[in-house]
Amino acid sequence: MGIRKKTNKNPPVLSHEFIIQNHADIVSCVAMVFLLGLMFEVTSKVAVLFITVQYNVTTSANEGLPEESVVNHFHHGLKDVATVFFYMLVAIIIHAIIQEYVLDKINRKMHFSKTKHSKFNESGQLSAFYLFSFGWGTNILMSENFLSNPVNLWEGYPHTLMPFQLKFFFICQMGYWLHALPELYFQKTKKEDIPRQLVYIALYLVHIAGAYILNLNRLALVLLVLHCFVELLFHVSRLVYFSNEKRQTGFTVWAILFVLGRLLTLSLSVLTVGFGLANADQQVLDLANGNFNVLFVRITVLATICVTQAFMMWKFINFQLRRWREQAQAQPVKPKKPQAPKTKSKKDKANGVNGVSSNGADSPRSKKEKSS
């Protein structure tokens with residue numbers, strides 16, 4: 001996985017095994033082509049489309065005051081597809097570096113089974129991504145003061161102009177989840193696991209790209225930060241569990257925060273889309289200005305969010321039931337206590353002599369009567 005070590009037997013060039021073993025090197029060469037394109041005037045215009053963030057808009061801050069400053073904002077467009085593609089390549093390279101220099105070394109020390117090996121790699125990669133996304137997203141929320149007042153989530157919609165950090169954040173998010181598609185091939189994912197992974201990836205891409213196109217970037221940023229924190233806790237708890245199966249406290253904390261996260265996601269979505277945008281002055285479909293604040297779009301957005309949260313809760317309940325069932329099976333069966341000897345009845349005691357029971361037919365008197 002990732003940048004692989006050379007073996008004595010090299011696979012044929014351009015074979016499946018060759019591409020899988022050397023995919024990080026191949027992708028690095030492709031990324032270098034775009035970077036080298038910046039050095040030549042003929043290709044620089046094309047290379048810039050892939051590497052830099054597009055659609056720059058310069059605005060003046062403190063207009064009319066002596067200390068007037070220039071602020072750069074960005075909006076979205078079709079050229080963003082090229083930028084997302086380039087950072088998808090970057091995500092593949094970073095994925096391979098983490099796999100080779102961190103996860104593979106830990107795997108060799110821990111000697112995991114094949115099932116645990118796959119899950120450990122998945123949680124290791126996602127823990128790094130969620131930690132990075134949570135830290136970066138929190139920094140944007142603090143710097144842009146989006147959390148100072150909930151009204152900022154819908155006030156001034158459509159939010160077509162974004163600061164550089166916010167737009168680059170969404171570019172990287174879409175690039176990361178697009179890179180997960182070729183990784184299914186590079187990591188030799190089992191056929192039975194591919195449908196689950198495709199649903200997982202599709203949900204992220206639909207929600208992130210949908211919010212990006214509909215100019216709901218502020219709401220999406222808050223929900224992504226919340227979601228990344230909960231998912232980070234889950235994958236870190238799973239990594240700790242793989243190192244020591246007795247340490248399961250993290251799963252309990254995650255279960256509580258998962259339910260709270262779903263409730264908070266629904267509350268913020270209904271508050272922003274169902275009440276905030278519903279009471280806005282401009283409720284017309286204006287593609288030129290990026291205004292999608294119409295009833296049909298609002299209902300579609302809320303329905304998508306509600307269905308997704310219900311699906312996640314359903315998966316969560318199944319996960320908890322399976323986990324409780326496994327814990328119940330793992331518990332040792334307690335041996336049964338030996339039963340105490342039954343006390344003899346008064347009738348048996350009366351028929352017994354010196355503690356030994358006797359039948360009436362075996363008594364000396366009955367034997368004498370029979371002989372006579």
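Mind the numbering: the sequence shown is residues 1 to 372 in full-length UniProt numbering, read in order.
Beta carbons are placed, not taken as given, at the ideal position from N, Cα and C, and that holds for glycine.
From a predicted model like this one, the values you see are computed outputs, not experimental measurements.
- The C-alpha of Leu141 is placed about 8 angstroms away from the C-alpha of Val222.
- With a cutoff of 8 angstroms on beta-carbon distance, His159 and Asn215 are scored as near each other.
- The segment 188-196 makes no contact with the segment 224-244, as fewer than three CB pairs between them are under 8 angstroms.
- For Asn56, the three-state secondary structure derived from DSSP is strand.
- The bridge partners DSSP lists for Leu285 are Phe292.
- Spatial neighbours of Gly77 in its own chain (CB-CB distance under 6 angstroms, excluding positions within 5 residues in sequence) are listed in chain order as Tyr55.
- For Ser69, the enclosing beta strand (DSSP E) starts and ends at 69-74.
- Taking the Cα positions, Phe34 is about 5 angstroms away from Ala47.
- Within the segment 191-275, not a single complete beta strand (DSSP E) segment reaches 3 residues in length.
- If you keep only unbroken alpha helix (DSSP H) runs of at least 4 residues inside the segment 83-153, you get 104-110, 114-144.
- Counted as a single uninterrupted DSSP element, the alpha helix (DSSP H) harbouring Phe168 occupies residues 164-186.
- Taking a cut-off of 8 angstroms for Cβ pairs, the segment 266-277 and the segment 141-158 touch, as three or more such pairs fall below it.
- DSSP places Met39 outside both helix and strand once states are collapsed to three, so it counts as coil.
- In this structure, the CA atom of Asp104 is about 20 angstroms from the CA atom of Val90.
- Counting of Cβ neighbours within 10 angstroms places Arg262 among the buried residues, the total reaching 16 or more.
- Between Trp324 and Lys246, the alpha-carbon positions lie close to 14 angstroms from each other.
- Going by DSSP, His16 is part of the alpha helix (DSSP H) stretching over 16-21.
- In terms of Cα proximity to Ser267, the closest of Phe129, Ile305, Thr252 is Ile305.
- Apart from sequence neighbours up to five positions away, the residues of its chain that approach Phe186 with a beta-carbon distance below 6 angstroms are Ile20, His23, ordered along the chain.
- The Cβ atoms of Gly175 and Met88 lie closer than 8 angstroms to each other.
- For Leu178 against Val84, the beta-carbon gap comes to about 7 angstroms, under 8 angstroms, which counts as contact.
- Apart from the 5 residues on each side of it in sequence, Leu224 sits with its Cβ closer than 8 angstroms to the Cβ of Ser133, Gly137, Gln173, Ile208 in its chain, given in chain order.
- Contact check for Leu302 against Val259 fails: the beta carbons are separated by 8 angstroms or more.
- CA-CA distance, Ile26 to Val240, rounds to 34 angstroms.
- In the displayed model, Asn279 falls within a helix according to three-state DSSP.
- Here Thr189 carries a coil assignment [DSSP, helix/strand/coil].
- In this structure, the alpha-carbon of Phe316 lies about 16 angstroms from that of Gln197.
- Only exposed fits Gln282, as fewer than 16 other CB atoms lie within 10 angstroms of its CB.
- The three-state reading of DSSP puts Asn318 in helix, counting H, G and I together.
- Remark: C-beta atoms of His73 and Pro163 approach each other more closely than 8 angstroms.
- The residue among Glu183, Lys167, Met312, Leu181 with its C-alpha nearest the C-alpha of Asp80 is Lys167.
- Out of Phe296, Leu131, Val206, Gln125, the CA that lies nearest to the CA of Glu183 is found in Gln125.
- In this structure Ala82 touches Leu49 by the C-beta definition: roughly 5 angstroms separates them, less than 8 angstroms.
- Of Phe18, Phe311, Phe229, Leu285, the smallest CA-CA separation from Ser127 is found for Phe229.
- Across the set Val70, Gln165, Tyr212, the C-alpha of Tyr212 shows the shortest separation from the C-alpha of Gly290.
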